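J.: Could you have a look at this structure, given as structure tokens, before my questions?
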Amino acid sequence: MAARNGKSGLLEKWRIDEKPVKIDKWDGAAVKNSLDDAAKKVLLEKYGYVENFNLVDGRLFICTVSCLFAIVALVWDYLHPFPESKPRDPAGMDPDHTWQLSSSLKRFDDQYTLRVTFVDGKSRQPRETEFTKSVGTFFDENGTLVMDQFEKNVSKLHDTLAMEKKTK
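Using the numbering used here, read the sequence shown as starting at 193 and increasing by one per residue.
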């Protein structure tokens with residue numbers, strides 16, 4: 193295969209749709225992946241080596257066995273359920289309340305969202321509240337978590353839901 197400039201070589205083959213592979217040089221993962229792919233291409237095409245997939249095949253086998261065990265466990269649990277656990281209420285009358293935390297931090301974003309959800313044990317009605325703040329609010333200039341500041345925000349969410357519980 194002759195190149196446009198009259199030369200043929202590995203770099204001319206390292207193209208997709210006759211265009212050179214282009215990446216964002218500031219994207220570390222893209223840089224690493226393109227270099228890894230280029231190194232593999234050199235060994236496979238220039239030196240004629242054959243790629244060995246035994247490691248990947250072994251991992252797939254282990255994953256398949258794990259999935260089969262998980263399916264068997266699910267079927268077993270469905271056919272042989274555990275007896276229901278006793279509630280923590282001393283009198284044994286009220287079902288447990290549930291508190292759930294969920295958070296999100298998008299890639300390349302500094303806005304951290306924390307959501308607290310309270311599910312009433314009797315009515316099964318959920319209530320939730322959240323805050324969204326910059327991660328810089330919770331870390332000092334050395335990168336250390338300022339636990340007092342973070343704890344105040346989390347406690348405020350909890351107390352807001354706990355007050356709603358008492359007023360209802």
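Virtual Cβ for every residue (Gly too), placed ideally from N, Cα, C.
Since this is a predicted model, take the numbers as computed values, not measurements.
(1) Where Asp340 and Thr329 are concerned, what is the direct C-alpha to C-alpha distance, given to the nearest angstrom?
(2) Alpha carbon to alpha carbon, how far is Lys348 from Gln303? Give it in angstroms, no decimals.
(3) Closest by CA to Val346, which one among Ile254, Leu252, Lys325 and Thr336?
(4) What is the DSSP secondary structure of Ser347, counted as helix, strand or coil?
(5) So the beta strand (DSSP E) Ser258 belongs to, where does it begin and stop?
(6) Closest by CA to Ser294, which one among Pro318, Ser315 and Glu322?
(7) The beta strand (DSSP E) spanning Arg319 covers which residue range?
(8) I need the boundaries of the beta strand (DSSP E) containing Arg307, first residue and last residue.
(9) Quick check: what's the CA-CA separation for Ser258 versus His289?
(10) Cβ atoms of Arg299 and Leu353: under 8 Å apart, would you say?
(11) Check each candidate in Ala262, His272, Leu297 and Arg316 and name the one with the smallest Cα separation from Trp291.
T.: Straight from the coordinates:
(1) Your numbering for residue 340 matches position 148 in the sequence shown. Your numbering for residue 329 matches position 137 in the sequence shown. Going from the Cα of Asp340 to the Cα of Thr329 covers about 11 Å.
(2) The count along the sequence shown starts at 1 and reaches residue 303 at position 111. The count along the sequence shown starts at 1 and reaches residue 348 at position 156. Cα to Cα, the separation comes out at about 18 Å.
(3) Position 154 of the sequence shown, counted from the start, is the residue given in the question as residue 346. Distance from the Cα of Val346 is smallest, within the candidate group Ile254, Leu252, Lys325 and Thr336, for Lys325.
(4) Counted from its first residue, the sequence shown places residue 347 at position 155. Three-state result, Ser347: helix.
(5) Position 66 of the sequence shown, counted from the first residue, corresponds to residue 258. Element bounds for Ser258: not the beta strand (DSSP E) but the alpha helix (DSSP H), Asn246 to Leu271.
(6) Here residue 294 is taken as the residue at index 102 of the sequence shown, counted from 1. When the alpha-carbon of Ser294 is set against those of Pro318, Ser315 and Glu322, the nearest one is in Glu322.
(7) Locating residue 319 in the sequence shown gives position 127, counting from the first residue. Pro318 to Ser326 is the extent of the beta strand (DSSP E) around Arg319.
(8) Locating residue 307 in the sequence shown gives position 115, where the first residue counts as 1. Taken as a continuous stretch (DSSP letters only), the beta strand (DSSP E) holding Arg307 covers Gln303 to Val311.
(9) Position 66 of the sequence shown holds residue 258. Position 97 of the sequence shown holds residue 289. Looking at the two C-alpha atoms, the distance is approximately 34 Å.
(10) Taking the first residue of the sequence shown as 1, we reach residue 353 at position 161. Taking the first residue of the sequence shown as 1, we reach residue 299 at position 107. In this structure, Arg299 does not lie closer than 8 Å to Leu353 by Cβ.
(11) Residue 291 sits at position 99 when you count from the first residue of the sequence shown. Its Cα nearest to that of Trp291, the residue Arg316 stands out among Ala262, His272, Leu297 and Arg316.
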